[in-house]
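So my numbering is basically just the index in the sequence shown, starting at one, shifted up by 733.
Backbone N, C-alpha and C define an ideal beta-carbon position, used for all residues, glycine too.
These figures come from a predicted structure and were not determined experimentally.
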Amino acid sequence: MNTHLTGIDAIIIVVYLVVLLGVGWLFSHRQTSLKEYFLAGRSMGWLVVLLSIFATGFSAIAYVGSPGVAYEYDLMYFSMMLNMPLVALVILFVLMPFFYKLGFYTAYQYLERRFDLKTRSMASGLFLLLRGFLTATGIYAASIVLTGITGWPQIVSILIIGVITTIYTAMGGIKAVMINDNIQFCIVNTGALIALAIMFSRIDGGLGEVLRVAADGGRLRMFDWSFHLYGGEYATNDSWNCIFGIFFANLAMFGIDQTIIQRNLTCKSYKTNIKVIIWTPIICMVLSFVFYFIGTVIYAFYQQFPDRISPDIPGDHVFIHFILSEMPAGLRGLMVTAIFAAAMSVLSSALNSLATVTIVDFVQRFKQGDALGAASAIVSAKALTCFWGLFATGMAVAWVYMGGLRSVLENAINIGNFFSGPLLGMFLAGMLFRRFSANGAFYGAILGFLLVCWSEFAPALFSALGWAMPAPIQLTTGIHPFWYGALGFFGTWLAGWLISLFEPAPADVAGLVVGDVVNAAAMEEALGRSPSHAAEPVAAAD
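Printed below as a string of structure tokens:
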């Protein structure tokens, strides 16, 4: 059983890395403004944007974590994608009309226009924390692959992945990132289909045997309608948690996360963007099922050949073990490249978006005097891309020193749920309710976030202080992490609404609440400016 890369495997990997850097270098000479660097001049077609979104969404976390969870447990996590049609409807009819037609660079510019500067700044800050930690998780997941292949220390693997991706992202801007995303999308999904074909060719009995073995092992369970409001272990997961609890995290990810929004805003027109939104849930559910089902098939394979794998191997390492031990030379290199592609696509996308939010929502917004000139703005954007690359890489290294992550997929889900609720609550409160005030949104989001923190950390706090927790208070803690998004969302709404009742109604929300966004001309009249100039202060850099 060969578990090492051959010369042809190494060549495939090196060629792939050279192509990525080449694309970054090619586009490094074509940036004349921040609009070009961050939004590709709003010139991208719908298919390029769509594939870029999925290259971003299906990172090494999905490539490594999804098969690992399905191998260890079942298909329950796939049901988290079943709420995507509803997510797409909310994005299509509520969120995206504001972001696109108002001409914004970041989603958080809407919050200043609707509420005030402090609300925008807090939302931008929460995004930076959320995406920074998720990016670190993606690097960590990919480092598992490189370490398993080479035997290098995991920290060395993290540094290689982080540095290479940061370089080509900083050089080429969003257009280079999206072109590379499309290359990576093709590699990732070709690799997944090849892996499935090889697995079926090695299993006696084909698909029928896979389903029989998986059913006997409980690996086909996808729905469980018992309800577990408390807990956090996999045994407490159920369909209510996965479908309805995760709805808020999915809506936040696809609807207000700058990493996804920024790709939508590169479309040539709003009509082009509508195609992207309509196709998103379809492809999302198909690809998710493929990656989870890979874990199911691997389980059946090793049930037939139990001597080919250690019973103690962690779930996150199972797919990598199969690639290195069962796939032939050449294809092994392609599969390793696919996992690199999955990691680097989400890392590059996140770094560009982190830089966008930092420069648009902080540097440009708070800079005294004139806005940055185009040349200096692009230099600043590239420097900030490098900064966030160092941050995410450093965080992944820190996790190694802290003992690692038990499951990269669960870690990513929990991080998303922790921050998504208050963020989503601010946006939808502003878009749906005229009466919601700026202080209501700001302090409501703080209280919503503190509510999530209380549920997570209160038991440890009471324990550290040596206090007994009264039974009524216990009911407010230990809530399943999949409901953190809902907890933060409704906590933000409830607290914000109560605060808003004691304040004057907002005076000017024309064009900023659902029902007022009819078309671009109506918004121009309502706002007293053209949507093409609505993205101040960045427009000054164009």
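Local conformation of residue 777 per DSSP, three classes: The sequence position of residue 777 within the sequence shown is 44, counting from 1. In the structure shown, residue 777 sits in a strand (DSSP, three-state: E or B).
For residue 989, the three-state DSSP class (helix, strand or coil): On the sequence shown, residue 989 is found 256 positions in, with the first residue counted as 1. Three-state result, residue 989: coil.
Given residue 784 as reference, the closest of 978, 1016 and 950 once Cα atoms are compared: Taking the first residue of the sequence shown as position 1, residue 784 is located at position 51. Answer by Cα proximity: 1016.
Cα-Cα separation, residue 758 to residue 901: As a position in the sequence shown, residue 758 is number 25, starting the count at 1. As a position in the sequence shown, residue 901 is number 168, starting the count at 1. Taking the straight line from one Cα to the other gives about 7 Å.
Cα-Cα separation, residue 1042 to residue 1078: Looking up residue 1042 in the sequence shown gives position 309. Looking up residue 1078 in the sequence shown gives position 345. Spanning the two alpha carbons is a distance of roughly 30 Å.
Beta-carbon proximity check, residue 1183 vs residue 1125, cutoff 8 Å: For the purposes of this step, residue 1183 is taken as the residue at position 450 of the sequence shown. For the purposes of this step, residue 1125 is taken as the residue at position 392 of the sequence shown. Result no, Cβ atoms of residue 1183 and residue 1125 do not sit closer than 8 Å.
Residue 833, enclosing alpha helix (DSSP H) - first and last residue: Numbered from 1 along the sequence shown, position 100 holds the residue referred to as residue 833. 829-834 is the extent of the alpha helix (DSSP H) around residue 833.
Span of the alpha helix (DSSP H), counted from its first residue to its last, around residue 1092: By one-based count along the sequence shown, residue 1092 stands at place 359. Premise fails: residue 1092 is in no alpha helix (DSSP H) and is neither H nor E.
Rounded straight-line distance, which links the Cα of residue 1226 to that of residue 1159: What you label residue 1159 is simply residue 426 of the sequence shown in a count that begins at 1. What you label residue 1226 is simply residue 493 of the sequence shown in a count that begins at 1. Those two C-alpha atoms are separated by around 8 Å.
Exposure of residue 992, with buried meaning 16 or more beta-carbon neighbours within 10 Å: As a first step, residue 992 must be located in the sequence shown, where it is residue number 259. It is buried - the Cβ of residue 992 has at least 16 other Cβ atoms within 10 Å.
Residue interval of the alpha helix (DSSP H) (run including residue 1024): Residue mapping note: residue 1024 aligns to position 291 of the sequence shown, counting from 1. Taken as a continuous stretch (DSSP letters only), the alpha helix (DSSP H) holding residue 1024 covers 1003-1037.
Residue 1161 versus 1246, 1204, 853 and 1201, residue with shortest Cα-Cα distance: To locate residue 1161, count along the sequence shown from 1; it is residue 428. For residue 1161, the nearest C-alpha among the options comes from 1246.
Candidates 1192, 1149 and 1155, of which the one nearest residue 869 by Cα: Here residue 869 is taken as the residue at index 136 of the sequence shown, counted from 1. Minimum Cα distance to residue 869 is reached at 1149.
Residue 998 versus residue 1178: straight-line alpha-carbon distance, rounded: Counting from one through the sequence shown, the residue named residue 998 turns up at place 265. Counting from one through the sequence shown, the residue named residue 1178 turns up at place 445. Their Cα atoms are separated by approximately 26 Å.
Close Cβ partners of residue 739 (< 7 Å) along its chain, the five nearest in sequence each way excluded: Within the sequence shown, residue 739 is the residue found at index 6, counting from 1. Excluding sequence neighbours, residue 739 sits near 1062.
Unbroken stretches of the alpha helix (DSSP H), 4 residues or longer, contained in the region 1214-1239: 1217-1234
Reduced DSSP category for residue 1212 - H, G, I as helix; E, B as strand; rest coil: Locating residue 1212 in the sequence shown gives position 479, where the first residue counts as 1. Here residue 1212 sits in strand by DSSP.
Same chain, Cβ closer than 8 Å to residue 1094, neighbours up to 5 away in sequence not counted: Counted from its first residue, the sequence shown places residue 1094 at position 361. Counting only Cβ-Cβ distances below 8 Å, and skipping sequence neighbours, we find 839, 841, 842, 853, 854 and 857.
Range of the contiguous alpha helix (DSSP H) that encloses residue 1185: Walking along the sequence shown from the start, residue 1185 turns up at place 452. It spans 1171-1198 - the alpha helix (DSSP H) in which residue 1185 sits, taken as one unbroken run.
C-alpha gap between residue 1038 and residue 775, whole angstroms: For the purposes of this step, residue 1038 is taken as the residue at position 305 of the sequence shown. For the purposes of this step, residue 775 is taken as the residue at position 42 of the sequence shown. Roughly 52 Å between the two C-alpha positions.
Nearest candidate by alpha-carbon position, reference residue 1005, set 778, 1239, 1235 and 903: Stepping through the sequence shown from its first residue, residue 1005 is reached at position 272. Comparing Cα positions, the closest option is 778.
Nearest-angstrom beta carbon gap, residue 1053 and residue 921 [assumed within contact, 8 Å]: By 1-based counting over the sequence shown, the position of residue 921 is 188. By 1-based counting over the sequence shown, the position of residue 1053 is 320. Contact flag wrong, Cβ pair sits at about 15 Å.
Neighbourhood of residue 960 by C-beta, 7 Å cutoff - its chain only, sequence neighbours within 5 removed: Against the sequence shown, residue 960 aligns to sequence position 227. These residues qualify, in order along the chain: 971 and 973.
Top-ranked residue by Cα proximity to residue 833, from 772, 942, 805 and 1239: For the purposes of this step, residue 833 is identified with residue 100 of the sequence shown, where counting begins at 1. Ranking 772, 942, 805 and 1239 by Cα distance to residue 833 puts 772 first.
Three-way DSSP call (helix, strand, coil) for residue 843 in this model: Translated into the one-based positions of the sequence shown, residue 843 becomes position 110. In the structure shown, residue 843 sits in a helix (DSSP, three-state: H, G or I).
Endpoints, the alpha helix (DSSP H) within which residue 885 is located: On the sequence shown, residue 885 is found 152 positions in, with the first residue counted as 1. Here residue 885 belongs to no alpha helix (DSSP H), and DSSP marks it neither H nor E.
Residue 849 versus residue 989: straight-line alpha-carbon distance, rounded: Translated into the one-based positions of the sequence shown, residue 849 becomes position 116. Translated into the one-based positions of the sequence shown, residue 989 becomes position 256. For residue 849 and residue 989, the distance between alpha carbons rounds to 18 Å.
Whole-Å CB distance - residue 1210 paired with residue 1187, under 8 Å assumed: As a working mapping, residue 1210 is identified with position 477 in the sequence shown. As a working mapping, residue 1187 is identified with position 454 in the sequence shown. Contact holds; Cβ gap of about 7 Å.
Assigned secondary structure, residue 810 (DSSP; H/G/I helix, E/B strand, else coil): Reading the sequence shown from its first residue, position 77 is the one you call residue 810. In this structure, residue 810 counts as helix in the three-state DSSP scheme.
Identified DSSP bridge partners for residue 1000: By 1-based counting over the sequence shown, the position of residue 1000 is 267. Residue 1000 pairs with 777.
Residue 945 burial status per 10 Å Cβ neighbour count (16 or more: buried): Residue 945 sits at position 212 when you count from the first residue of the sequence shown. Exposed: under 16 other Cβ atoms inside 10 Å.
Range of the contiguous alpha helix (DSSP H) that encloses residue 1054: Residue mapping note: residue 1054 aligns to position 321 of the sequence shown, counting from 1. Unbroken alpha helix (DSSP H) run through residue 1054: 1048-1059.
Burial state of residue 1200 (16 or more Cβ within 10 Å): The residue given as residue 1200 occupies position 467 in the sequence shown. Per the 10 Å Cβ criterion, exposed.
Residue of 845, 1155 and 768 minimising C-alpha distance to residue 995: On the sequence shown, position 262 is the one that residue 995 refers to. Measuring from the Cα of residue 995, the nearest candidate turns out to be 768.
Option in 882, 1033, 1100 and 787 with minimal Cα separation from residue 938: Your numbering for residue 938 matches position 205 in the sequence shown. Residue 938 has its Cα closest to that of 1033, out of 882, 1033, 1100 and 787.
Distance between residue 1156 and residue 1217 (C-alpha atoms, nearest Å): Here the question's residue 1217 lines up with position 484 in the sequence shown. Here the question's residue 1156 lines up with position 423 in the sequence shown. Taking the straight line joining both Cα atoms gives about 12 Å.
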